[in-house]
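Chains as they are written, first to last, in numbering that gives the first Met the number 0: chain G, 0 to 444; chain S, 0 to 464.
A short write-up of the structure that comes next.
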Amino acid sequence: MKAIASLILPKSAQVALVGLVTVVAVQWTSLAHAVDIKEITSPGGIKALLVEDYTVPLIAVSFSFKGGSTQDMPGKEGTAKLLTNTLDEGAGDIESQQFQTRLQDNGMTYQFNAGYDGFSGGIKTLRSDREDGFELLRLMLNEPRFDVEPVERMKASRLRGLRGQETNPRSLASKAHRELVFAGHPYSRPTDGTIETMQAITPADLRDYIGRVFAKDSLVVGIVGAISEKETLEMLDKVFGALPAKAKLKPVPEIKVETGENRHVEFDTPQTNIRVALPGIKRDDDAFFAGYLANYVLGGGSFSSRLYNEVREKRGLAYGVYSYLATYDHAGFVGAGSATRADRAKQTVDVILGEIERMAKEGPTAEELEKAKKYIKGSYAIANLDTSSKIASVLVAIQDSDLGIDYIDRRAKYIESVTLEDAKRISAKLFGGKPSVITVGRSIK
Amino acid sequence: MTLKNSRVALFSLALMAGVAAAPQLQMASHTTGAAQAAEEKMGPEVTSFFLENGLQVVVIPDRRAPVVTHMVWYRAGSADEPPGKSGIAHYLEHLMFKGTKTTANGEFSSRVAAIGGQENAFTSTDYTGYFQRVTPAALEEMMTLEADRMENLVLTDELIIPERDVVQEERNSRTENNPGSLLREAMAATLYQNHPYGIPIIGWQHEVNSLDKDDAIAFYDKFYTPNNAILVVAGDVEVETVRTLAQKTYGKVKRRAEPGKRMRPTEPPPRAARRVVMEDARVRTPSYQRLYLVPSYNTAEPGEAEALEVLGDVLGGGSTSRMYKSLVIEQKIATSAGSWYQGGALDDTSFGIYGAPTDKTSLEQVEAATDKEIAKLLESGVTEDEVEQTKSRLIKQAIFSQDSQSTLARIYGGSLMLGSTIEDVQAWPDRLRAVTPEAVNKVARKYLKLKRSVTGYLSPAKQEG
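Take a look at the structure:
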């Protein structure tokens, strides 16, 4: 897989961090002819958003349960992640290998993901294979077997990954970052678990997790593709109808992120990984869009941000440099990062911190803010609405963040209404604190 | 998106890399599930025409969203570099953003950003591509800017020297920081004894250090010309609109060069099984790989590449494959095991197998067990069921590619770069359906020979540092 991936070298690695940022919404008006959302409720009481589209003979179903890795039991960190590899390893009367064969014969693509706050997933199936595809999804979510052999096999694979993380500069930086930013909070725990906690997880732990997290009241669903409303309603009750009414989620406390402490992890590798963190805001903050725009100017834009210009373009210090607003259910922070050879690490950190400080003091210029608004408004459809799976994910995100179906029409107005003063005020708040700096690499004597 | 099923992920990467795979399905005489699905809804009508200056234009309609993907592909990759100048194709790709006679450094990018567009560029062994995804109203502006940098690039040392450092940091991120990548580099360099596929796309570090403006311009002047390029426009746009705009923009670009047929040094008959062993203190989990020299879709005898595609899947494509079942599930001597075929290449390419031992087993055990599986396959052959199941799955995956205009654009662009025609792409499901167990056995016996291969071991360093 890697061998093939390495055959293509993109100009810029569009940092996967976009995934950390809450999906905002759809620029609706321009899509009137393309996206027509229906809000539906099944006879069994499952709510969902549906976009019917028969252009290609495919159906994408995405869903998310509140919960995620925060619901891992202490000492069993990594449970939600292991679940993403074991739900498809046999269900109902069908054992692992036969189930895998059924999945492959159906041809559907499917995925499960566990984040801090949610457990999500999705399938994409051909319309002609939909009944079988829905049945397989129902089995995975309602009747997974968790037989010892496949669970141990998946644990072995995850343990191998965990060992690899011990010498991966990015993983080491993420670990230090998490422990500094979220000290004492469930978010500081590793979502992947550790070698010890992964070894400790049993099939009973997986069953227990599902019993607590997979429930109707914590579920949101989005459907896109060649499927009618009636067929969708039947699918909803079939796949999700037998889940318990209420989840039993452990409450997760709010955490006010504090920064100002630096950490260096000594590691013998040619390129030093750099992370910077500052306290942030949550998605429901009134200043979210102002902050989102200000961050775009600092380091959110791909080939046009201040960090890109100062670190990469002018000085050639790094291939990738970025900043982002991380918004979780119970915390928010501002992150920035890059990677450069050891003897230029200090210079790179200084340039990044200098730009953060400048942004705190001056905020964006009127011209930069205008450009940011244009980008943020225009990019949404282009980035998020070109495939049915992506649209289905958007439908889930809209519900997950409680934005409301009409939110989409309001979104452009929210962005428009941000003034230069707003952007400067939030810049002072977001970028004016004392940052934490994490470096992983060789010390320079 | 991280797909759980690694077989699927591998396949979609193969599609992205331009392996001939067909989004547009032909009606089949016999009916499989996929064929039924195809009958429900056919793929898009693809149109192609040439401008007078030799530029081929391909239009793929997709009207589901007001988005258009605009891509220009050049028949110029790392395997077309002059000796000693490794990395110049990729370095030039970065430099193409530095401005022209009439646009400033970074201006193209800021104009893309100003309309909320996305852009990037990529370099492979056989081609280089540039793309933007924008609203249809911005298509003309994109075409104007892309046509401009096809002939008017201006480079200055002040701009390009920092970019060379950027490329070195890109190499650090991808390769120097990753022992697995270093091993793959060493294995490719060993597999290809004469062909430039043995040279990394990003270039050898010491050669990249001395690349300069003249090298970049020489490569640009040799290959960046409309008669060596393809324009692909996919999305919410009419063919006639594309034709008019293409003539107005790209139509004005002069034929700047005649690159001619690409003739690279070719491989001698492989005679020696080779081994590459790499130890690195950063390795925590050993792994094993083997590459066999095999034909690509472009160099294979008719049907061979499709048979290799099926072989890669039956032998080691995912959790129901022979290798996974035997090594991981039954014998429990590996935590992962599989195989793949990289058919998308202009010249002879590779078929790979891989495996990782458990805590209790060794690389040697994994290799021996793999050899046994291969020997079994060569001796007894693949079954009718295995072949039929694999074919059905691969064809279904091709239908999924219809869901993404970017994927369609990459499949058509990549395939045309690698010697296929639009008809070849569209007939891929039919060609795959024609694969028989005998054909799979024949390619397996012909190509899975140790003397055609290099075997690589990645191990923790025996001593620290």
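Ideal Cβ placement from N, Cα and C applies to all residues, glycine included.
Being a predicted model, the structure only gives us computed values, none of them experimental.
Burial state of residue i (16 or more Cβ within 10 Å)
i	result
V147(G)	exposed
K253(S)	exposed
A460(S)	exposed
P269(S)	buried
G117(G)	buried
E80(S)	buried
Q26(G)	With a pLDDT of only 31 at Q26(G), under 50, the local geometry of the prediction cannot be trusted, and no value is derived from it.
Q42(G)	Here residue 42(G) turns out to be Pro, not Gln, going by the sequence shown. Its Cβ having fewer than 16 others within 10 Å, P42(G) is exposed.
A34(S)	Confidence is the limiting factor: at A34(S) the pLDDT is only 35, short of 50, which leaves the residue's position unreliable and the question unanswerable from this model.
S303(G)	buried
H184(G)	buried
T28(G)	Model confidence at T28(G) stands at a pLDDT of 36, short of 50, so the residue's coordinates are unreliable; what they give is reported in the following sentence. So T28(G) ends up on the exposed side.
V45(S)	buried
A90(G)	buried
Y53(G)	exposed
I443(G)	exposed
E300(S)	exposed
V251(G)	buried
Residues that DSSP places opposite residue i in a beta bridge
i	result
S320(S)	The partner list for S320(S) (beta bridge, DSSP) is empty, contrary to what the question assumes.
W203(S)	DSSP lists no partner for W203(S).
V111(S)	DSSP output for V111(S) lists no bridge partner at all.
Q55(S)	F49(S) and I229(S)
V238(G)	For V238(G), which the question treats as bridged, DSSP gives no partner whatsoever.
R289(S)	I352(S) and T454(S)
Check whether residue i and residue j have beta carbons under 8 angstroms apart
i	j	result
V333(G)	L179(G)	no
G163(G)	T284(S)	yes
D423(S)	S414(S)	yes
I414(G)	K370(G)	no
G121(G)	A59(G)	yes
G412(S)	G128(S)	yes
G311(S)	M322(S)	no
L82(G)	Y208(G)	yes
S95(G)	P143(G)	no
A286(G)	D191(G)	no
F145(G)	T85(G)	yes
L324(G)	G279(G)	yes
Q110(G)	V219(G)	no
G114(G)	T271(G)	no
L210(S)	L154(S)	no
A271(S)	K448(S)	no
Own chain residues within Cβ distance below 8 angstroms of residue i, not counting five before or after
i	result
G302(S)	R430, A433, V434 and A438
I194(G)	L158, L161 and R162
K40(S)	Its pLDDT being 36, under 50, K40(S) is placed unreliably in this model, and the value from its coordinates should be taken loosely. Closer than 8 angstroms at Cβ, skipping near neighbours: no residue.
R282(G)	T21, T326, G331 and S400
H194(S)	A78, R263, P264, T265, E266, D346 and D347
L50(S)	V56, P225, A245, Q246, Y249 and G250
I404(G)	I36, E38, L48 and I397
Close Cβ partners of residue i (< 6 angstroms) along its chain, the five nearest in sequence each way excluded
i	result
Q404(S)	D61, T68, A233 and G234
R305(G)	L297 and E354
V23(G)	In this predicted model, V23(G) has a pLDDT of only 27, less than 50, meaning its place in the structure is not dependable enough to derive any value.
R129(G)	I58
E470(S)	For residue 470(S) there is no data in the structure shown, the boundaries of chain S being 0 and 464.
V313(S)	V381, E385 and T389
Cβ-based neighbour list, residue i, same chain, cut-off 7 angstroms, excluding 5 preceding and 5 following
i	result
E118(S)	S108, V111, F130 and Q131
Y219(S)	L91 and L152
D236(G)	S41, P42, G43 and I45
Beta-carbon separation (whole angstroms), residue i vs residue j, contact threshold 8 angstroms
i	j	result
D35(G)	V50(G)	6 angstroms
V165(S)	R311(G)	6 angstroms
V293(S)	D358(S)	At roughly 33 angstroms, the Cβ-Cβ gap does not stay under 8 angstroms, so V293(S) and D358(S) are not in contact.
R273(S)	T189(S)	5 angstroms
E253(G)	H329(G)	5 angstroms
A241(G)	R211(G)	The pair is not a contact, with the Cβ atoms about 16 angstroms apart (cut-off 8 angstroms).
A304(S)	G342(S)	5 angstroms
Y287(S)	V365(S)	5 angstroms
R444(S)	L377(S)	6 angstroms
S335(S)	A355(S)	5 angstroms
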